[in-house]
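In what follows, a structure is listed as structure tokens, so that the remarks can point back to it.
2 protein chains.
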Amino acid sequence: MFTDNTTAEIDEAVQQAWDAFTIYRNYSLAKRADFLRAIATELENCNDELFTITSAETNLPEARLRNEKARTIFQLNSYADACERGNWLDVKIDTANNERTPPKPDLRKTLTPLGPVVVFGASNFPFAYSTAGGDTASAFAAGCPVLVKAHPAHEKTSTFIANLIFSAAQKCGVPKGMFAHIYGKDFKVGKQLVMHPNIKAVGFTGSYIGGKQLVNWANERKEPIPVFAEMGSTNPVFLLQEKLNNDPEAIAKMFAASITLGVGQFCTKPGIFVGMEGDSLITFTTTLAAELKNTSVGLMLHKGIETAYQQNATNALQQQDVKNLLEFTNQNDNLENKLSPTPILSSTTAKAFLQNPILHKEVFGPYAIIVRCINEEEVLQVAKNLEGQLTSTIMATLTDLQNNENLIDCIKNCCGRIILNTVPTGVEVVEAMQHGGPFPASSDSRFGSVGADAIKRFARPIAYQNWDTTLLPDELKSENPLQIWRTVNNELTKAPIN
Amino acid sequence: MFTDNTTAEIDEAVQQAWDAFTIYRNYSLAKRADFLRAIATELENCNDELFTITSAETNLPEARLRNEKARTIFQLNSYADACERGNWLDVKIDTANNERTPPKPDLRKTLTPLGPVVVFGASNFPFAYSTAGGDTASAFAAGCPVLVKAHPAHEKTSTFIANLIFSAAQKCGVPKGMFAHIYGKDFKVGKQLVMHPNIKAVGFTGSYIGGKQLVNWANERKEPIPVFAEMGSTNPVFLLQEKLNNDPEAIAKMFAASITLGVGQFCTKPGIFVGMEGDSLITFTTTLAAELKNTSVGLMLHKGIETAYQQNATNALQQQDVKNLLEFTNQNDNLENKLSPTPILSSTTAKAFLQNPILHKEVFGPYAIIVRCINEEEVLQVAKNLEGQLTSTIMATLTDLQNNENLIDCIKNCCGRIILNTVPTGVEVVEAMQHGGPFPASSDSRFGSVGADAIKRFARPIAYQNWDTTLLPDELKSENPLQIWRTVNNELTKAPIN
């Protein structure tokens, strides 16, 4: 329906983005915040046709889409607030001392935007992590133009929302070129964007293969650029003994709901459970299997995702020493319901898990595997051998925690967020959130894609030495006109500089 | 004299580093600071034999070495102070709200150390950017073990200082393995270190070729790791018209001293001057040439650097439309003085410069080129086509600045530090310093290697959700026992949480 943009059109869009950057980069924080809020308002006021379009493209039910729209609006507004507060600029000022030999210069450091950013949105969050989602909002807040490549699985939705951004830009007088919407089913479109010399950063949410390809292209450039790719996670759950003994059924029920939430199509879906063999683990397993069997999940996002789910789950089940704990039948196996999968639960030994990397891989969809350990040493070995994760969850009593400090250190070491006694699904949009983790969960563990700190991804420090205070950016001016927090000679303060 | 460490020895050192990491990562900020201060004390108390050794290895005069030693001690102490202040952890706390539907979780974010770091020091800073230099100090502050590969050009110095670190570690009871000193003239040693799965980051100061090789190896790993490589810079100086007209001689004299400081062997040596053709530029050029001719520079660091200087300068001078403004003779061309180079000054047109990438390259040593522009548009084109730089300097009156906003934005865009009306040499060790810049000046422009913010390079965010407050790291505990600044529900405060 939508034809791919031509090479010439893409070049033109990047050129316009660069031209817009030369103006927008000097926008005040307040004006950037206005732009974000204007996009939020457009989204708030748009008609319900959006839900019809998106539901048809993604199979997501309207209730879920209403929630996700509210989340997207909240993100835009909260990033606008954070942008204006200015703390993310991490302003540092060291004043001059002419008495010293040699004289100490005046130095003032702030963040400066990187330049045009390409955003590849997620199929599972058509609003919140797509066209006007977190990457776009944080790039605008940082001072960067955005070129969104429309997700091939929801191009109509993307077009609808792109038009809202165009409308907000026009109302705010934001330069043409600050936003572009690019169509490209062919991978060459994405490659041209990432390789273009005037593109300075990339945001991506999706598969490992897709994300790693973008990272590779970015590294092959004459001037390599940062890629913030969130590439999936198995979100291991460690069931510590006393906690598990206390109430294996309740824990199983809580996680059955988390595994099947959104048809298991969340990047924080718990996919691996690690526990010690024994009665409690058996009760947990039996209850979890029964709960999953009784859960009727909805439709998956699209045919490609459903096929991958069946293939990856089947592949995992065929590995040595893997037991299928649920009958693997698709009771709705007819054309109409082809996209509605059966939840799958499997079980294996720590030994088999440690030897087989296939079992470490994410199966996107309502699938989980239980890893049975025969002693604490095996639990530790599993923790030590896990790849980078967005989240890890520990189910534990205080005694469990006190008795397993070493294990907990290992678990911390592989994840961006560590959760105690609750589920990893549900990613709160707050500054204290970390959504990102060691490779391969994300391509750059020093940054996250949820919460206003995501803004920092698209800026870099610049120091002004011996500069005229009237010509400095507002945040560095001696009188502190923005009234923001600044570190002056190693002390945090809002005070002006004399 | 020193033989390369074997593969097995290196594996053993990395294993010991990992074991030490499991203990040291939980050290309090105060204990980490104690370790840094203990290294500073060892350095302060060591005997003057160090200067004899280092002078023999590097040709650097004792006065310079005394200054550099003082700088290294200052770095260690100031990073210790910053480590303890804890602001670098950028703690964010968002408290729970159980009234909300769904309930809002308690989330607390801090930084966690990456793991063992390999440091490749600089030949031109045998103390401050080598064995116990900025990279080592910031990695220890972040909570990471360090493996230093001894610089082949000053292995004895490196060994001497490594022993001071070992001694400080022993006195502080810091785990064996927190520091290792590796010898490797063969590139395979560096490669083994960077490719080792238990190495989690790399610090490097040196040439583009060396730095880019490390970046490539790091990207080829199964788990890519961050490399902070500072790879050189030409540090362009823009001579704006009114300023240049006011006093071309004084400007020339100031920069003659900066070009020849330390025999031109600083990464911030000004290497390119951009100005508009005319009488003032002629006066500037004539004065600069005369000053350089009358400057007697010292010896270069070693034969390899001196050879590269002669080759690179000769190559630049042989390019089309490049004039040599000084007689290119080595008056001291005998064996004893082979390492004492002649300062070289050349001149070219903006047109030739824009067409020839060879003229954009750093010539390490007392060399500079003047780029003559025929109009303001050419000045702008030169600024737009410069690669990433550590610093850019603007010589300008207030009127010049006001009349050249577009040019100044372009200049900002390519550098990490922008300097007004003074020289780029002299890198102040303060938090407001940014020593790093867009590629190829450094491999990661979001971080810098001078000033306590360098600590942040070796840590990543981790969020604790729903955690027991007694088991949180001190900086996240509700009562704020460290009395550090934290962002609680979007407000910076030192107050405890109720």
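So the protein sequences, as listed, match chains A and S. Take 21 as the starting number for the first sequence in my numbering and just add one per residue. Take 21 as the starting number for the second sequence in my numbering and just add one per residue. Virtual Cβ for every residue (Gly too), placed ideally from N, Cα, C.
For the beta strand (DSSP E) that contains residue i, what are its first and last residues?
| i | result |
| --- | --- |
| residue 286 of chain S | Neither: residue 286 of chain S is in no beta strand (DSSP E) and is coded neither H nor E. |
| residue 241 of chain S | Unbroken run through residue 241 of chain S: none, as it is neither H nor E. |
| residue 296 of chain A | 292-296 |
| residue 167 of chain S | 166-169 |
| residue 248 of chain S | 247-250 |
| residue 551 of chain A | Since the displayed chain A opens at 21 and closes at 518, residue 551 of chain A lies outside it and no answer follows. |
| residue 478 of chain A | No beta strand (DSSP E) holds residue 478 of chain A; DSSP gives it neither H nor E. |
| residue 225 of chain S | 221-225 |
| residue 22 of chain S | Counting along the chain, residue 22 of chain S falls outside any beta strand (DSSP E), and DSSP gives it neither H nor E. |
| residue 497 of chain A | No beta strand (DSSP E) holds residue 497 of chain A; DSSP gives it neither H nor E. |
| residue 173 of chain A | Run containing residue 173 of chain A: none; DSSP gives neither H nor E here. |
| residue 55 of chain S | That residue, residue 55 of chain S, is in no beta strand (DSSP E); its alpha helix (DSSP H) goes 49-65. |
| residue 199 of chain S | 199-202 |
| residue 344 of chain A | 342-344 |
If you compare alpha carbons, which of the options is closest to residue i?
| i | options | result |
| --- | --- | --- |
| residue 361 of chain A | A:238, A:38, A:283 and A:486 | A:283 |
| residue 226 of chain S | S:278, S:116, S:477 and S:247 | S:247 |
| residue 43 of chain A | A:160, A:367 and A:498 | A:160 |
| residue 165 of chain S | S:134, S:394 and S:177 | S:134 |
| residue 108 of chain S | S:82, S:273, S:507 and S:87 | S:507 |
| residue 88 of chain A | A:154, A:421 and A:274 | A:154 |
| residue 374 of chain S | S:397, S:396 and S:401 | S:401 |
| residue 47 of chain A | S:256, S:222 and S:429 | S:429 |
| residue 502 of chain S | S:193, S:514, S:190 and S:334 | S:514 |
| residue 249 of chain A | A:204, A:76 and A:455 | A:455 |
| residue 378 of chain S | S:342, S:403, S:385 and S:411 | S:342 |
| residue 395 of chain A | A:295, A:113, A:244 and A:45 | A:295 |
| residue 301 of chain S | S:320, S:334, S:257 and S:22 | S:257 |
| residue 69 of chain A | A:176, A:39 and A:149 | A:176 |
| residue 457 of chain S | S:433, S:475, S:509 and S:269 | S:433 |
| residue 198 of chain A | A:364, A:31, A:124 and A:39 | A:39 |
| residue 390 of chain S | S:132, S:146, S:255 and S:178 | S:255 |
| residue 504 of chain A | S:511, S:504 and S:499 | S:511 |
Sort out for me which residues DSSP pairs residue i with in a bridge.
| i | result |
| --- | --- |
| residue 484 of chain S | A:438 and S:128 |
| residue 182 of chain A | Looking at the DSSP assignment, residue 182 of chain A forms no beta bridge with any residue, so it has no partner. |
| residue 112 of chain S | S:129 and S:507 |
| residue 41 of chain A | None, per the DSSP bridge assignment. |
| residue 513 of chain A | A:506 |
| residue 187 of chain S | DSSP output for residue 187 of chain S lists no bridge partner at all. |
Residue i lies in the alpha helix (DSSP H); which residues open and close that run?
| i | result |
| --- | --- |
| residue 103 of chain S | 82-105 |
| residue 337 of chain A | 323-337 |
| residue 452 of chain S | Counting along the chain, residue 452 of chain S falls outside any alpha helix (DSSP H), and DSSP gives it neither H nor E. |
| residue 524 of chain S | A query on residue 524 of chain S cannot be resolved here, the shown segment of chain S reaching from 21 to 518 and no further. |
| residue 210 of chain A | 207-215 |
| residue 433 of chain S | 425-433 |
| residue 304 of chain S | 299-314 |
| residue 269 of chain A | 268-280 |
Between residue i and residue j, how many whole angstroms is the CB-CB distance? I'm expecting something under 8 angstroms.
| i | j | result |
| --- | --- | --- |
| residue 318 of chain S | residue 122 of chain A | Actually they are not in contact, since the Cβ atoms of residue 318 of chain S and residue 122 of chain A sit about 19 angstroms apart, beyond 8 angstroms. |
| residue 271 of chain A | residue 34 of chain A | Contact doesn't hold; Cβ gap of about 51 angstroms is too wide. |
| residue 96 of chain S | residue 485 of chain S | Wrong, their Cβ atoms sit about 36 angstroms apart, outside the cutoff. |
| residue 478 of chain S | residue 162 of chain S | 4 angstroms |
| residue 305 of chain A | residue 345 of chain A | 7 angstroms |
| residue 488 of chain A | residue 418 of chain S | 6 angstroms |
| residue 416 of chain S | residue 393 of chain S | Residue 416 of chain S to residue 393 of chain S, Cβ: 15 angstroms. No contact. |
| residue 407 of chain A | residue 380 of chain A | 6 angstroms |
| residue 366 of chain S | residue 337 of chain S | 6 angstroms |
| residue 421 of chain A | residue 399 of chain A | The pair is not a contact, with the Cβ atoms about 14 angstroms apart (cut-off 8 angstroms). |
| residue 216 of chain A | residue 170 of chain A | Not really, about 17 angstroms apart at Cβ, beyond 8 angstroms. |
| residue 483 of chain S | residue 129 of chain S | 4 angstroms |
Along the chain, which unbroken stretches of the beta strand (DSSP E) at least 3 residues long are found entirely within the stretch 355-415 of chain A?
364-369, 387-393 and 409-415
At what residue ranges does the stretch 128-164 of chain A contain a whole run of the alpha helix (DSSP H), taking only runs of 4 or more?
154-162
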